[in-house]
Amino acid sequence: MTHRTWFLLLLGLFLVWAVALGIAPLYRHDWLLENVLSLAAVILLFSTRKSFTLSRLSYALIFIFLFLHELGTHYTYAEVPYDLWWQSVFGYSLNGALGFERNHFDRLVHFLYGLLLAYPVREMFIRVADVKGFWSYFLPLDLTMSTSMLYELVEWAVAEVFGGELGMAYLGTQGDVWDAHKDMGLASLGALLAMLITAGMNGWLQRDFAREWNESLRVKHAEPLGEDEIRRMLAEADRG
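For the sequence shown, the UniProt record's numbering begins at 1 and goes up steadily by one.
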């Protein structure tokens with residue numbers, strides 16, 4: 001299957017899924033707010049499908065995350081009835097068996113944000129910024145952590161602006177004062193796990209893995225920057 005066909009197949013499935021879950025969401029206004037980023041992501045992926053075609057694996061990982069996100073937007077993350085679904089299939093409460101006192105669907109998706117999206121981010125860094133070795137694993141982790149923090153700030157801002165039930169539904173803390181910290185921690189853990197798996201695979205398959213890793217940590221420019229670089233640039237400007 002070509003990359004184009006694979007992408008269009010995933011996009012078609014996602015649109016059917018999103019429309020079906022958007023017909024009668026639990027809270028329409030929260031559904032609209034939650035789907036702003038989904039819409040932006042789909043538009044970005046569609047507009048760059050030719051100029052920056054991703055691997056089939058990256059597209060699959062991105063759309064799996066978007067599928068789960070749409071499920072959360074339909075019910076709100078705090079009210080996805082996964083425990084009822086589990087009970088209907090297995091006959092007992094998953095929350096009860098694991099000692100959960102809250103709905104943990106949001107925790108799962110934050111973890112999967114890191115686990116699923118760190119690899120596509122790594123592909124972007126390698127192909128655009130030409131990063132190698134250590135930096136090709138660290139930078140995806142770093143970006144996952146920073147965007148996770150940024151999202152928590154966005155949630156806080158939206159809750160402050162809209163307030164009331166809509167703000168609380170979007171925030172979804174479920175009374176946990178450490179909710180934002182745990183969400184960021186789980187996203188970071190997911191990204192770390194994804195990069196460890198990727199590094200393990202590359203270490204096994206890539207013959208020059210160790211050499212590339214060491215080369216990426218070698219100092220490329222011995223001279224300091226800062227005021228020293230400004231002085232050098234001024235000197236070059238005077239000579240010009």
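Glycine residues also receive a C-beta, built at the ideal position from the N, C-alpha and C atoms.
Problem - Whole-angstrom distance between L13 and K50, CA atom to CA atom - result: 20 Å
Problem - Rounded C-alpha distance that separates L11 from I64 - result: 11 Å
Exercise for the section: Compare the Cα-Cα distances from A20 to each of A40, E101, F67, L186 and report the closest residue. Expected result: F67
Handout entry: Classification of residue 241 by the beta-carbon crowding that lies within 10 angstroms, buried from 16 upward
Key = Beyond the ends of the chain as shown, which are 1 and 240, falls residue 241; an answer cannot be given.
Exercise for the section: State the Cα-Cα distance for the pair S148 and D106, rounded to the nearest angstrom. Expected result: 13 Å
Problem - Through-space distance from L44 to F52, alpha-carbon basis - result: 10 Å
Practice task
Use the C-beta contact count for P224: other C-beta atoms within 10 angstroms, 16 or more gives buried, fewer gives exposed.
Solution key: exposed
Problem - Integer Cβ distance of A24 from E70, believed to fall under 8 Å - result: Not really, about 14 Å apart at Cβ, beyond 8 Å.
Exercise for the section: Pull up the distance between the alpha-carbon of F125 and that of G114, whole angstroms please. Expected result: 16 Å
Problem - Close-in-space but distant-in-sequence residues of the same chain around L112 (CB under 7 Å, 5 per side omitted) - result: F65, L68, G190
Handout entry: Where S146 sits in the DSSP three-state scheme
Key = helix
Problem - Per-residue DSSP class, three states only, for F63 - result: helix
Exercise for the section: Confirm, please, whether the CB-CB distance from F134 to L217 is below 7 Å. Expected result: yes
Handout entry: As assigned by DSSP and simplified to three states, the class of Q87
Key = helix
Problem - Neighbourhood of L116 by C-beta, 8 Å cutoff - its chain only, sequence neighbours within 5 removed - result: L61, I62, I64, F65, G190, A194
Handout entry: Y75 vs L15 beta-carbon contact at 7 Å
Key = no
Handout entry: Chain-order list of residues whose beta-carbon lies under 6 Å from that of V121 (same chain, five-residue window excluded)
Key = P140, L143
Practice task
Within its chain, find whatever has a CB closer than 7 Å to the CB of N95; leave out the 5 residues flanking it on each side and keep chain order.
Solution key: D83
Problem - Distance, E79 Cα to N103 Cα - result: 7 Å
Handout entry: H221 (DSSP reduced to helix, strand or coil)
Key = coil
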